[in-house]
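**Student:** Protein chains in written order, with my numbering: chain A, 1 to 280; chain B, 1001 to 1280; chain C, 2001 to 2280; chain D, 3001 to 3280.
Cβ coordinates follow ideal geometry from the N, Cα and C atoms, glycine included.
There are 4 protein chains.
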Amino acid sequence: VVELKENSYGKSSVRLTKVVRNGVHHELIELSVDIRLSGDFTASYTAGDNSRIIATDSMKNKVYVLAKERSFTSIEEFAVLLARHFIQSYSQVQRAVISISQTLWQRLASPDGPHPHAFTDAGAERRICRAELVGDKLELSGGVDDLRFIKTTGSEFRGFVTDRYRTLNDTSDRIFATSVEAVWTYASESADFNGTFVAARTSLLQTMANHHSLSVQHTLLVMGEAVLKDCPALRSIRLTMPNSHRIPIDLQPFGLENDNEIFVPIDEPHGVISGFIERE
Amino acid sequence: VVELKENSYGKSSVRLTKVVRNGVHHELIELSVDIRLSGDFTASYTAGDNSRIIATDSMKNKVYVLAKERSFTSIEEFAVLLARHFIQSYSQVQRAVISISQTLWQRLASPDGPHPHAFTDAGAERRICRAELVGDKLELSGGVDDLRFIKTTGSEFRGFVTDRYRTLNDTSDRIFATSVEAVWTYASESADFNGTFVAARTSLLQTMANHHSLSVQHTLLVMGEAVLKDCPALRSIRLTMPNSHRIPIDLQPFGLENDNEIFVPIDEPHGVISGFIERE
Amino acid sequence: VVELKENSYGKSSVRLTKVVRNGVHHELIELSVDIRLSGDFTASYTAGDNSRIIATDSMKNKVYVLAKERSFTSIEEFAVLLARHFIQSYSQVQRAVISISQTLWQRLASPDGPHPHAFTDAGAERRICRAELVGDKLELSGGVDDLRFIKTTGSEFRGFVTDRYRTLNDTSDRIFATSVEAVWTYASESADFNGTFVAARTSLLQTMANHHSLSVQHTLLVMGEAVLKDCPALRSIRLTMPNSHRIPIDLQPFGLENDNEIFVPIDEPHGVISGFIERE
Amino acid sequence: VVELKENSYGKSSVRLTKVVRNGVHHELIELSVDIRLSGDFTASYTAGDNSRIIATDSMKNKVYVLAKERSFTSIEEFAVLLARHFIQSYSQVQRAVISISQTLWQRLASPDGPHPHAFTDAGAERRICRAELVGDKLELSGGVDDLRFIKTTGSEFRGFVTDRYRTLNDTSDRIFATSVEAVWTYASESADFNGTFVAARTSLLQTMANHHSLSVQHTLLVMGEAVLKDCPALRSIRLTMPNSHRIPIDLQPFGLENDNEIFVPIDEPHGVISGFIERE
């Protein structure tokens, strides 16, 4: 006998641009929303009975309608609002998970000051959040993804395991390059989400820049500690940091010495370091 | 007080081409391997003490060396072999997770029969597996990712929830298009991995093609049941199927009727349906 | 003084799925169409006078409408038909360029023979064409893009320039891997486009597989010659072939010899070889 | 008879990181270089005679060596230097084309001022250039690619062709979003490349932000004129601007009016507008 043990379904990549007009001064919000619902949907799987199925097309419409009807100042607020709406509107929904990724536009500087309605690219970085609601129990996280960073010194990697498989030399000065994914959990639903985002992001970048790194692991923990210290609203943080290798090129075949000047950036293979740091 | 509760690190996207020469008849294997280790690495995070750290560069080397020294006939075998090697070589490693994705090349047909050493693209599809070893406890899964499929009829979607957010009409004839991700767990480490892959893949495709679908959910369950029926070596299967929408174009503004002929394929937003089916 | 010397505009990536129903046997056509128009559009640039501008949204609609109203059996036919329509409908259009890329679906084999309406992925390969119409002068090309191929022997690379910058050794046995882009021009608008595509593709693959290659350049020319020999409807062919390197891994640090067994595939940097071959 | 009419080959995506250390203050340069050579290489195609072939691997090495041996302050300088080196070193090279794309890192702001060696993502934007050298005749261009911009008002699109294929309404207030590709040609090899880049980029962004747009065509020309006015070193500019559509969502089915607030960003299909503007 074979049985359906878990089910979930939803809509991915519901993209949305919202313009908030405060007179001539405009705010621009660009989001991509993912929705996953679980609950009493078994009849749809077993019998093709769709009477409890909310079409994923209707989920998409709900995102648009709520974006219009509700005002919100952070993606965390919008995610919670959407999760609540699904749980409260449909008794068959037992669990709603809303994940949002925000493209960050940067207001154009103009000779007369910040431009009222023009914006440029703020990088690959995305602000992210996730609200999971089961009944009235909410788990809420925020974070940043693909926050790219590079420093050209202040990083060592020495004294690691020597055995048959080691060919890498010790180095006391290497390039440290990464693309941080940070996911933090809020202690409460009423946290200052935007203030926390700014503080955590600053904390990540300044710590990475200034910590004398003995390994990515070493710096990652200091970064996590700094965020939890600077952001009292947070309970924990998970950091995942690829090692975006810049490999020194061997110039000896050409009669040259490479004094840590010329490197080749490679995308693969790449190291990945992660850690989960929690307030006790 | 703040504490490091979990750590893991490893190497991603270690790509590898292996050619096995049986006289003039060559086999071609192309893999991408991901490695994650957890264990007694805390000193590296807290004190920059790397004495227990196996460099991710050394992990990469180990993949190359084992690919040379060992013969294996499936990615599952190679994943288990790698996981064992990490656990057995380094006492500080408590958990090793090896994930492998295989690019499937198709032997070129030539006038004289299958070509001995030439191959062409077999599609976006990847054969995948994952071996997680904690001490001597192994969890082993296989599967397929991005198995693209489309059928032009034999699919309905009717009778779903009607409320303020619904704008989609009932349809009794739509295009069914998806890209299947299937992850199955083996009941035993000594399963016939290659035979199971072929049988499961065939089962997925033939079931999708021939099942009269009342929803993606409906077809997904039948597919999972078919795989477990056809593959006795499997204990469970998790299926994740995006709905790769083909939207009928409204031709009425041009005085034309669209008899289910002309569609626009859209990548986003898209539905995603998943289910986990287990043998009792 | 500054002047607008050239203008063109259009719509890119107009995607389209067309299902042709011959009773229960369905044909599936998936295309992406790019349109570029040039002509008497200067007033739009200089004065914001849009009275001669065909909105790119209208171009998209025209693609949908013609896909519905007209039957065609090849992308070349559809491209010519679209180009003609733009030139004939709008006197301000002096030049129309239509480029089409077709996703190739492969009919599913089922126990009862080819399935009437189910299809699977036929690889990254795209069938392509381009029709450029200036007045009544047509230039028409067809081709294939991203046709991936690998052979594990039958390829050498020796005797190239030796100087300060050379570090690569001569090799008499290497992996030959590429992804062919072929663009051919038709001698006439009434060529057998589908027959030519099949013949040219076969010719490319069989020649690559069986030619003993002394360099990619060497094989490229033989491929081009073979296509022109096998396809009398063609006037010329341009081939562009990246060298999708598989680099032998140095296993000497591990006390092993690599007998051309273990390679690392790299995406970048990569060689690119091209040639244009014409019938005299 | 069939003949090889054109040949060219080279190396693509030679990536490079160069760190210039002025004491503790570091400069970071990240490039990707493409090389294409044409010339007397026919014997390699026709006879597999590689004696005149410079291996693409050697080209890659030359990039590394020259990056080390030479100092340069702009990608234009480095491109010219490389093109000259190929033409001067190898008599069989008749034409050398060097294309460079530069990733722009942004120096981290820290409480103590600009950080001496830490950098963050400066967006998808790339600084680009191309040097084509035939004998001693140089054509040199610079530019920017994927410069993303959005403004939420100040853009109209009205009065375009009305016919059977038009369904788009006139609008006097729409979102203007694009990703500019600008390629400019220098009047002389001794231009101030870095000063020109900054001036041209500023000119593009400020003009886009402040021009009241009646169409993308309309704004594109004003942008090109502004760049040529602000940058006397330039002879011409080619602008290519996709229309990165933000489509207003129809909220009437939900009893709501959309006052230009809620949009869906779509990637495809998309308009593309281009123009070539030259100083007389």
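(1) For a contact defined as C-beta to C-beta under 7 Å, what are the partners of residue 1232 of chain B on chain D?
(2) Going by alpha carbons, who is nearest to residue 256 of chain A out of D:3076, D:3033, D:3065?
(3) Is it right to say residue 2226 of chain C is buried, meaning 16 or more other beta carbons lie within 10 angstroms of its own, or is it exposed?
(4) For residue 2110 of chain C, which residues in chain B fall below 7 Å Cβ to Cβ?
(5) Using a Cβ-Cβ cut-off of less than 7 Å, list which residues of the region 148-170 of chain A approach chain C; keep chain order.
(6) For residue 2129 of chain C, write down the residues that DSSP places opposite it in a beta bridge.
(7) Using 9 Å as the limit for Cβ to Cβ distance, is residue 1189 of chain B near chain C?
(8) Can you give me the Cβ contacts of residue 1238 of chain B inside the same chain, cut-off strictly under 6 Å, excluding the 5 residues immediately before and after it?
(9) Residues of chain D with CB closer than 9 Å to the CB of residue 26 of chain A, please, in chain order.
(10) Run the CB neighbour count on residue 1969 of chain C, radius 10 Å, all protein chains shown included, and call it buried at 16 or more, exposed below.
(11) Who pairs with residue 1176 of chain B in a beta bridge, going by DSSP?
(12) Quick check on this structure: which residue in B:1088, B:1097, B:1244 has the alpha carbon closest to the alpha carbon of residue 1010 of chain B?
(13) How about residue 2106 of chain C and residue 1108 of chain B: are their beta carbons less than 9 Å apart?
(14) If you draw a straight line from the C-alpha of residue 3152 of chain D to the C-alpha of residue 3171 of chain D, how long is it?
(15) Note down, in chain order, all residues in the region 1253-1280 of chain B with a beta-carbon under 9 Å from any beta-carbon belonging to chain A.
(16) Taking DSSP as the reference, what is the three-state secondary structure of residue 1072 of chain B?
(17) Taking C-beta pairs closer than 8 Å, name the residues in chain B that residue 2178 of chain C reaches, listed in chain order.
(18) Which residue spans inside the region 2183-2257 of chain C form an unbroken beta strand (DSSP E) run of at least 3?
(19) Which first and last residues belong to the beta strand (DSSP E) in which residue 2009 of chain C is found?
(20) Using a 10 Å radius around the Cβ and a threshold of 16 neighbouring Cβ atoms, would you call residue 69 of chain A buried or exposed?
(21) Report yes or no: is there a C-beta of chain D within less than 9 Å of the C-beta of residue 2248 of chain C?
(22) Less than 8 Å between the CB of residue 218 of chain A and some heavy atom of the ligand FMN, yes or no?
(23) Thinking just about the alpha-carbon of each residue, which of D:3218, D:3186, D:3180, D:3215 is nearest to the one in residue 3202 of chain D?
(24) Nearest-angstrom Cα distance between residue 1265 of chain B and residue 1120 of chain B?
(25) Could you tell me whether the Cβ of residue 120 of chain A comes closer than 9 Å to any Cβ of chain D?
(26) Should residue 2079 of chain C be flagged as near chain D, meaning a C-beta pair shorter than 9 Å?
(27) Thinking C-alpha only, which one of A:208, A:158, A:141 is nearest residue 196 of chain A?
(28) Answer with buried or exposed for residue 1083 of chain B, where buried requires no fewer than 16 other C-beta atoms within 10 angstroms of its C-beta.
(29) Between residue 3216 of chain D and chain C, is there a C-beta pair that is closer than 9 Å?
(30) Just to confirm, are residue 1149 of chain B and residue 1208 of chain B a CB contact at a threshold of 9 Å?
(31) Give the residues of chain A in contact with residue 3212 of chain D, contact being defined as C-beta atoms less than 9 Å apart.
(32) Could you tell me the boundaries of the beta strand (DSSP E) in which residue 3274 of chain D lies?
(33) Quick one: using the 10 Å Cβ neighbour count with 16 as the cut-off for buried, is residue 2236 of chain C buried or exposed?
(34) What residues in its chain sit with their C-beta under 8 Å from that of residue 3024 of chain D, if we drop five residues either side in the sequence?
(35) Could you tell me whether the region 3128-3139 of chain D touches the region 3077-3095 of chain D, where touching means 3 or more Cβ pairs closer than 8 Å?
(36) So, using beta-carbon positions, are residue 224 of chain A and residue 242 of chain A closer together than 9 Å?
**Tutor:** This is what the structure gives:
(1) The premise fails here: residue 1232 of chain B is roughly 45 Å from chain D at the closest Cβ pair, so nothing lies under 7 Å.
(2) Cα-wise, what sits closest to residue 256 of chain A is D:3065.
(3) Residue 2226 of chain C should be labelled buried.
(4) Neighbours of residue 2110 of chain C on chain B, chain order: 1206, 1209.
(5) Flagged, chain order: 164, 167.
(6) Note: residue 2129 of chain C sits in a beta bridge opposite C:2100, C:2142.
(7) No, residue 1189 of chain B lies away from the interface with chain C (no Cβ there is under 9 Å from its Cβ).
(8) Only 1183, 1276 meet the Cβ criterion.
(9) Per Cβ cutoff of 9 Å: 3151, 3152, 3153.
(10) Shown here, chain C extends from 2001 to 2280; a query on residue 1969 of chain C therefore has no answer.
(11) Answer by DSSP bridge pairing, in chain order: B:1151.
(12) Measuring from the Cα of residue 1010 of chain B, the nearest candidate turns out to be B:1097.
(13) No, the pair does not count as a contact, with Cβ atoms beyond the cut-off.
(14) Rounded to the nearest angstrom, the gap between the Cα atoms of residue 3152 of chain D and residue 3171 of chain D is 13 Å.
(15) For the region 1253-1280 of chain B, which is checked against every Cβ of chain A, the residues closer than 9 Å are 1267, 1268, 1269, 1270, 1271, 1272, 1273, 1274, 1275, 1276, 1277, 1278, 1279, 1280.
(16) Residue 1072 of chain B: coil per DSSP, three-state reduction.
(17) In chain order: nothing, as chain B lies at least about 11 Å away.
(18) Counting only unbroken stretches of 3 or more residues, the beta strand (DSSP E) elements lying wholly within the region 2183-2257 of chain C are 2234-2243, 2246-2248, in sequence order.
(19) From DSSP, the beta strand (DSSP E) with residue 2009 of chain C extends over 2002-2022.
(20) Classification of residue 69 of chain A: exposed, given that the 10 Å Cβ count is below 16.
(21) Residue 2248 of chain C does not count as touching chain D.
(22) Only the bare structure without any ligand can be found here, which leaves the ligand FMN out of the picture.
(23) With distances taken between CA atoms, residue 3202 of chain D lies nearest to D:3180 out of D:3218, D:3186, D:3180, D:3215.
(24) Approximately 27 Å between the Cα atoms of the pair.
(25) Chain D contact via Cβ: present.
(26) False, the Cβ-Cβ gap to chain D never drops below 9 Å.
(27) Proximity to residue 196 of chain A across A:208, A:158, A:141 peaks at A:141, based on C-alpha coordinates.
(28) That one is buried.
(29) Output row for residue 3216 of chain D: interface = yes.
(30) The answer is yes: Cβ separation under 9 Å.
(31) The contacting residues do not exist; residue 3212 of chain D stays about 12 Å from chain A at best.
(32) Here the beta strand (DSSP E) through residue 3274 of chain D covers 3270-3279.
(33) Per the 10 Å Cβ criterion, buried.
(34) By the criterion of a C-beta distance shorter than 8 Å, residue 3024 of chain D is surrounded in its chain by 3116, 3117, once the five residues flanking it on both sides are discounted.
(35) Touching, per the Cβ criterion.
(36) For residue 224 of chain A and residue 242 of chain A, no; Cβs fall outside 9 Å.
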